[in-house]
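Residue 1004, in the numbering used here, is where the sequence shown stops; the numbers in between run on with no holes. Presented below is the structure to which this report refers.
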Amino acid sequence: MHKIFSRPQFYPKAILMIASAFLIIFSFHGKTSTTSGHFAKRNVESSVAAVPQNGLNTSVNSQMRILEFEKKFCLYKTNCTILQPMIDYSGRHLMAEHFGIAACAILKNFSTVLTSIMCYLYDIASYENVVQDMMQDTWDFRHCGNKNEFFGAGGQRRIEMAKMQSKLNLWRYYVLTREPMERFISGFLDKCVIKAEAKNKTVPTGTSCYGCKGDLACFIKAQYNSFLVATRGGKPGYSMENEHFAPQTWYCQLGSHFSEYRFFHYSHPTTGQMLDELFDEFEALGVPKRMGDYEDLTFLWLPPHPTSPPDYPILDEEHKIAYGIPQIVAAFIGFPVNIGMLIVAIRRTKDLCSTFFYFILAQLCLLNLIQMQSHMVAAVITLVADTGPKFSMLTIPLGYAACFSSDLLRGVISLHRMTLIAFPHRAKDIPKWVFMTILIFDIFLFFFVAIKFYTPQGAAYFSPRQLLFLKFDKIWIFSQITNQIRICCNYISLVAGALSYAVITPLLLFHKRKLKKADYTITIQLFVTFCCSIICFVGWEVVLPWADDSTPTTAVLINFISQLLWVLQCSQEPAVLFIFNKSLRRDLRDTFFGVPLGRMQHLTVSMDTSSRHTSGPNVFQKASAQQHTIQAWKGNTNLKRPSQ
């Protein structure tokens, strides 16, 4: 084989094959990216279409009506006694940036409940753990406090900054409006009548409600005089009365951002209808309908940020058996294959540089076993349960972490194999620290991804009703980084496998001498590994994204196929090596039925050492012959013990 790779007349053909492989791979990748981009664009367009828009014409028409009203009653601006609209007086902005939702809280416009709803969307896990009654989440005791609320023009700028930094394609700003007379009466009764009666006394003069003691005419006149400064271009001072009775257009910079808001009309008799409309809007932005959709994962040492499962029906027993049993069978096949290869790889690890492949293989088999354990748990849960148990949170992150780390190692194996094929003489010059860095980084990646799943931004749990491993929060930047590492490693494994096969195939096919059996073995081994990588790549990167836009039944089936591909990917590397490598099978057999490899190597080294201390060519040949005889005897117990 070594002579095959060193013949220069085959280099042009090999380069041509490499270029062809690159064109095929990257043209395929471009098609996939275009398809994914099409799906993303369609999803955004459908989301936008599902949410009613506020057009600029609404703002223009409103401004024209205001100008006509002023022209009719205010001939001269300086003498106008009508309160001007669209004054930047006050505003309390509420934000839930995970869902791309912002709201303007106008006092006496359902503001207490709106504040509580936005607090829930801001930190779901914390809210459910602390707040027992939404109506008790009032101004003085509100759970989120100043965490997700911002005041005045600075609050508007804060929302704009969050929107620019967010990866979400769709943001919404909401305002709840109320009929002005209804709002005024509600505020007057609440602040100037009910609270005074609760204290069994009238409001003292000089305190709240201007000391009018519940006199409506007195209060209206005093409140109007407080707002009159706005007609002269000034801004009223901040007080309890002004905050609760200021015109609704004075809040949240409506004058400059009117067209960006989506308005909902609130009235006490139609509160339920208004909430249904608001929650339909929220659902279009990715917010679940029911609070119960969120799994309680507070048993972890860090509070998680759970993910809502899709609204799919629970699988019946027939589908449970059809989907669960094959996954268990596939996992049972993968366990002995990976355990056997792990033992053989550990026995063959010596010097890091010369046996780096076996170091990688041992680490890969260990990660594969962790993934097999995760698949077994998922399959068993699917067969016996209808809801995701809490202990699944302890095994799923380890399976995902092992998946990410093993993908990295498969990419390294492909690159290492390609390097040995393309540059057989230079591969041994790679410094030791390069190999050590790769192994340490892979271990770090495993623990990083596993721990990340237990953080508030990364929690997910297994839901057996649709055979899905639920996705973690995509907003967190580290989730994006680790996911991109996984995707890049899959591409590396595929491209490197294609290049390796493209290099070795022409060198074998166009070689003039008779090919040896080992040449065909290596070629077939690379080809089978490459085919497995292509199947997994197409399944994950092309077929699986369709599940997001398909029916629940199709989505379940596609994701089940993905799980089987995952098991295939975990077993294909050691299985292919065992099938096409006779020495690995012999080592595994000797491990369980023969003399330990370490003892045989010790005997070999001892005999080899004794031969060096013996002078004369004839004695050396005799010692060497004894060495091979002892090795053969140790490998076959039917042979007679050689005489010394």
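The C-beta atom is built at its ideal place from N, Cα and C for all residues, glycine as well.
Query, Result
"Extent of the continuous alpha helix (DSSP H) to which residue 479 belongs", "471–482"
"Environment of residue 728 [buried if 16+ CB atoms lie within 10 Å]", "buried"
"Opening and closing residue of the beta strand (DSSP E) in which residue 509 lies", "509–511"
"Own chain, CB closer than 8 Å to residue 684, minus 5 neighbours either side, in chain order", "739, 740, 742, 743"
"Range of the contiguous beta strand (DSSP E) that encloses residue 631", "Counting along the chain, residue 631 falls outside any beta strand (DSSP E), though it belongs to the alpha helix (DSSP H) covering 631–644."
"Residue 724 versus residue 711 - alpha carbon distance", "18 Å"
"Start and end residues, beta strand (DSSP E) containing residue 455", "452–456"
"Residue 699 beta carbon near the ligand NAP (any heavy atom closer than 7 Å)", "What this structure holds is no ligand at all, so the ligand NAP is not there to describe."
"Cut-off 7 Å between Cβ atoms - residues of its own chain near residue 795, not counting five sequence neighbours on either side", "712, 713, 716"
"Residue 601 burial status per 10 Å Cβ neighbour count (16 or more: buried)", "buried"
"Below-8 Å beta-carbon distance, residue 729 vs any chain C residue", "You won't find chain C in this structure, because it holds only one protein chain."
"Nearest-angstrom beta carbon gap, residue 482 and residue 523 [assumed within contact, 8 Å]", "Not really, about 15 Å apart at Cβ, beyond 8 Å."
"Per DSSP, the bridge partner or partners of residue 464", "453, 535"
"Whether residue 538 touches residue 489 by CB criterion (8 Å)", "no"
"Closest Cα partner of residue 548 within the set 578, 514, 520", "578"
"Rounded C-alpha distance that separates residue 939 from residue 945", "8 Å"
"First and last residue of the uninterrupted alpha helix (DSSP H) at residue 543", "540–548"
"Contacts around residue 647, its chain only, beta-carbon distance under 7 Å, and the 5 residues preceding and following it disregarded", "459, 481"
"Backbone CA spacing between residue 619 and residue 888 [nearest angstrom]", "59 Å"
"contact_flag[the region 570–587, the region 627–645] where n(CB pairs < 8 Å) is 3 or more", "no"
"Residue environment, residue 616, which counts as buried when at least 16 other CB atoms sit within 10 Å", "exposed"
"Secondary structure of residue 622, DSSP reduced to three states", "strand"
"Residue 591 and residue 446 closer than 8 Å at C-beta", "no"
"Counted within 10 angstroms of its Cβ, other Cβ atoms place residue 498 as buried (16 or more) or exposed", "exposed"
"Assigned exposure category for residue 487 - 16 Cβ within 10 Å defines buried", "buried"
"Alpha-carbon to alpha-carbon, residue 894 and residue 799", "25 Å"
"Residue nearest to residue 457 in terms of C-alpha spacing, selected from 521, 732, 485, 596", "521"
"Span separating the alpha-carbon of residue 550 from that of residue 531", "34 Å"
"DSSP state of residue 350 mapped onto helix, strand, coil", "The chain is shown only over 361 to 1004; residue 350 falls outside these bounds and no answer can be derived."
"Own chain partners of residue 872 with C-beta closer than 7 Å, once the 5 adjacent residues on each side are dropped", "Interpretation of residue 872 is limited by its pLDDT of 48, a score under 50 that renders its predicted location unreliable; the figure taken from the coordinates is listed afterwards. Counting only Cβ-Cβ distances below 7 Å, and skipping sequence neighbours, we find nothing."
"Rounded straight-line distance, which links the Cα of residue 471 to that of residue 442", "27 Å"
"Whole-angstrom distance between residue 519 and residue 505, CA atom to CA atom", "17 Å"
"Run of the alpha helix (DSSP H) containing residue 581, from where it starts to where it stops", "576–587"
"Cβ neighbours of residue 759 in the same chain (closer than 6 Å, five flanking residues each side left out)", "731, 734"
"Reduced DSSP secondary structure (H/G/I, E/B, other) of residue 570", "helix"
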